[in-house]
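**Q** The numbering of the sequence shown is this note's numbering, which starts it at 569 and goes up by one.
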Amino acid sequence: MHVNKKRLGIAAIILILLVATYYGFLREPSDFEESAARRIAKDCPRYIIDVDFDPDEKRIEGTQEVIIKNTEMVELTELYFHLYPNAFKTPDAAPFPKTEFASAYPDGFSPGYINIKKVTGVSGPLEYEVEDTILKVVLDKPLKPQQQIKLTLEFTEVIPPSYGRFGYGQNTYNIANWYPILAVYDENGWNKDPYYAVGDPFYSDVGLYEVKIKAPKEYTIAAGGSLSDKKQDGAYNIWTFKTGLVRDFAWVAGSKFQTASDMVDGVKITSFYMKEDAVYGKKALEYAKKAIKFYSEYFAKYPYKEYTVAASDFYIGGMEYPNLVMIGRQFYNDGDLLEYVVVHETAHQWWYGLVGNNEVKEPWLDEALTEYSTVLYYENVYGRKTGQRIYEDFIYNPYRFYEQSLGRLPGPVLRPLEEFSTWGEYDAIVYSRGAIMLKQLESSIGKEKFREALRFYFRQNIYKNATTADFIKAVNKATGADWTDYIYNKMLKNTQPLQKAA
Ligand SMILES: [Zn+2]
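(1) Label G732 either buried or exposed according to how many other C-beta atoms from any shown protein chain fall within 10 Å of its C-beta, with 16 as the threshold for buried.
(2) Is T942 near ligand 1, in the sense that its beta carbon is under 6 Å from a heavy atom of that ligand?
(3) Consider the C-beta atom of T914 and the heavy atoms of ligand 1; say whether any pair is separated by less than 6 Å.
(4) Just checking E935 against ligand 1 - is the residue's beta carbon closer than 6 Å to any of the ligand's heavy atoms?
(5) Grab me the residues of A860's own chain with a C-beta within less than 7 Å of its C-beta, minus the 5 sequence neighbours each way, in chain order.
(6) Assess contact between the region 784 to 793 and the region 801 to 809, defined as three or more Cβ pairs (one per stretch) separated by less than 8 Å. Is contact present?
(7) Looking at chain C, is there any beta carbon in it that lies within less than 7 Å of the beta carbon of G767?
(8) How is the beta strand (DSSP E) around T645 delimited, first residue to last?
(9) Compute the beta-carbon to beta-carbon distance between E629 and T720, rounded to the nearest angstrom, for a pair I have assumed lies under 8 Å.
(10) Tell me, to the nearest whole angstrom, how far the beta carbon of P653 is from that of Y681; I am working on the premise that it is less than 8 Å.
(11) Counting pairs of beta carbons, one from the region 940 to 958 and one from the region 1042 to 1050, are three or more of them closer than 8 Å?
(12) In terms of residues, what are the limits of the alpha helix (DSSP H) holding K953?
(13) Please confirm whether any heavy atom of ligand 1 lies closer than 6 Å to the CB of T938.
(14) Put L653 into one of helix, strand or coil per three-state DSSP.
(15) Would you mind giving the Cβ-Cβ distance between I702 and K780, rounded to the nearest angstrom? I have them listed as a contact below 8 Å.
(16) For P713, which of helix, strand or coil comes out of DSSP?
(17) With distance defined between alpha-carbon atoms, name the residue in I617, P931, R976 and I1004 nearest to N965.
(18) With F988 as the anchor, note down where its beta strand (DSSP E) starts and where it stops.
(19) Under 8 Å Cβ to Cβ from N1057, same chain only, skipping five residues before and after it: list those, please.
(20) What span of residues does the beta strand (DSSP E) with N742 cover, start to end?
(21) Tell me which same chain residues have a C-beta within less than 8 Å of the C-beta of F817, skipping the five on either side of it?
(22) Rounding to the nearest angstrom, what Cα-Cα distance links L711 and D754 in this structure?
(23) Look at the Cβ atom of A1100, then the Cβ atom of N925, and state whether they are nearer than 7 Å.
(24) Cα-Cα, which of S1012, V911 and E987 is closest to A765?
(25) State buried or exposed for K857, treating a residue as buried only when at least 16 other CB atoms are found within 10 Å of its CB.
(26) What are the residues that DSSP puts in a beta bridge with I837?
(27) To the nearest angstrom, how far is it from the Cα of L668 to the Cα of G896?
(28) How about I1030 and L922: are their beta carbons less than 7 Å apart?
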């Protein structure tokens, strides 16, 4: 062995870094989260949205102020926003696979969209262009690094009769991906991806929201953040919600909602459900409580004041938004799926919500981790045997069946949304194969080390967008070994059928 002086110096620095990291692990997660939140809150976008919700006309109308700080090193001459409701304009563009059209629009297709009426800057109206789901705002003068700007956008939107993320059904209005949200500017410039029919094609930075919704008074609203004010105005209520640092804001409105709430570790959990589903609405509350408690202990404390589970006319399953998840009403029965879906969407509060990622380019990062985390919940809450049964019934066996019936190689886990043509393929590969590979990684490095890696990954990336490289970095850090080649080549880019686990 040959050791030179310079290397010893480097070794000393590495040792100091390792010790610092080790102590970093031991610090109270809540302190860490709070200081990370303070830092990020100074620079993140602030949205102040004020809308009228008219369920009879299926319309939402109002204004959005947004304060945006240029945190990039370059001047920005344009700003881009996603206008996701425009994906619902035509049957061709509607973000549902063609084979699922009848489920997405059980009462037939009718367009949904958002119409931008005006964009105003500090010194008057600004020019803008709308192309499908993208709004480009041309600034009257360049926004220099560290400068901020306030825009006011006026808009009207029409809610389509879709049982998807944006639409209405018999019982609920699902109002998600509904307002002009700032696109992410990253090392690739502006991310202007379309609303793909498969996957959750979203990618956003965290922001702070204050959202005021004027709704007919017979409607109840389940939303992200916390209700900070509700006052009656004639036949209407004006609901005001305020959030902590979240990467989106969604709400569900219904005139037949009942609610049940409880506290767990200082977090208020609320279940919104239909009267006739009361037994299951209360079960959903219990599952959400157990999941928030478990993940808070296993990964890191849930840092928000509230968490809401809303039964929705949603044919796809469940859908995660910060502090709020939509759960398809079809699961409010005695089957295993209600708990599974509630727990899965709750795990997304950590993987997608608190630690974000580009769900268009690297969807495995949140979905596979969330599936893996769902199994963890069952193992820890009900014991290993139940965990194993759930893993086999919901992940391993369906995947093996998929692979055997495929008649070709399954293709890699790490690939962007546009490379998946059906939900079936996406689900099998990204969720199941991804989670199986994480289980294999867990058994290779040990459960405790993998937990440490995930906790490190969380702390390094809370309120940010993480990448596959960040995930690998965390595994390497926790194990003190280099798993880069294994994770990329044996797991994520591997196109071979799974080896039957021993
Ligand atoms: Zn998911």
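Even glycine gets a Cβ: it sits at the ideal position worked out from N, Cα and C.
**A** From the atom records:
(1) Burial of G732 is indicated by the presence of at least 16 other C-beta atoms within 10 angstroms of its C-beta.
(2) No heavy atom of ligand 1 is found nearer than 6 Å to the CB of T942.
(3) No; taking the cut-off as 6 Å, the Cβ of T914 has no heavy atom of ligand 1 nearer than that.
(4) At least one heavy atom of ligand 1 lies less than 6 Å from the C-beta of E935.
(5) With the sequence shown as reference, residue 860 is identified as Ile, and Ala is not the correct amino acid for it. Correct list, in chain order: V832, V835, I837, Y870, Y875 and T914.
(6) The region 784 to 793 makes contact with the region 801 to 809: 3 or more CB pairs, one atom from each, lie closer than 8 Å.
(7) Chain labels in this structure do not include chain C; a single protein chain is all it has.
(8) Residues L644 to H650.
(9) With a beta-carbon spacing of about 14 Å, E629 and T720 fall beyond the 8 Å limit used to define contacts.
(10) About 5 Å separates the two Cβ atoms, so the contact holds.
(11) No, the region 940 to 958 is not in contact with the region 1042 to 1050.
(12) Element bounds for K953: R952 to I958.
(13) Indeed, a heavy atom of ligand 1 lies less than 6 Å from the Cβ.
(14) Residue 653 is actually Pro in this sequence, not Leu. In the structure shown, the three-state DSSP call for P653 is helix.
(15) Contact between I702 and K780 is ruled out by a C-beta separation of about 26 Å, above the 8 Å threshold.
(16) Coil at P713, not helix or strand.
(17) Closest by C-alpha distance to N965, out of I617, P931, R976 and I1004, is I1004.
(18) Per DSSP, F988 is not a residue of any beta strand (DSSP E), being assigned neither H nor E.
(19) Excluding sequence neighbours, N1057 sits near nothing in its chain.
(20) Y741 to I743 is the extent of the beta strand (DSSP E) around N742.
(21) Taken in chain order, the residues that qualify are Y615, I617, Y747, Y777, V779, A791, G792, G793, F809, T811, Y889 and P890.
(22) If I take the Cα positions, the gap works out to 16 Å.
(23) Given that the chain is displayed from residue 569 to residue 1070, the structure contains no residue 1100 and the question cannot be resolved.
(24) Of the listed residues, the one whose Cα sits closest to A765 is E987.
(25) Within a 10 Å sphere around the beta-carbon of K857 sit 16 or more other beta-carbons, which makes this residue buried.
(26) Looking at the DSSP assignment, I837 forms a beta bridge with D830 and Y875.
(27) For the sequence presented, residue 668 should be read as Glu rather than Leu. Cα to Cα, the separation comes out at about 15 Å.
(28) Going by beta carbons, I1030 and L922 fall inside the 7 Å limit.
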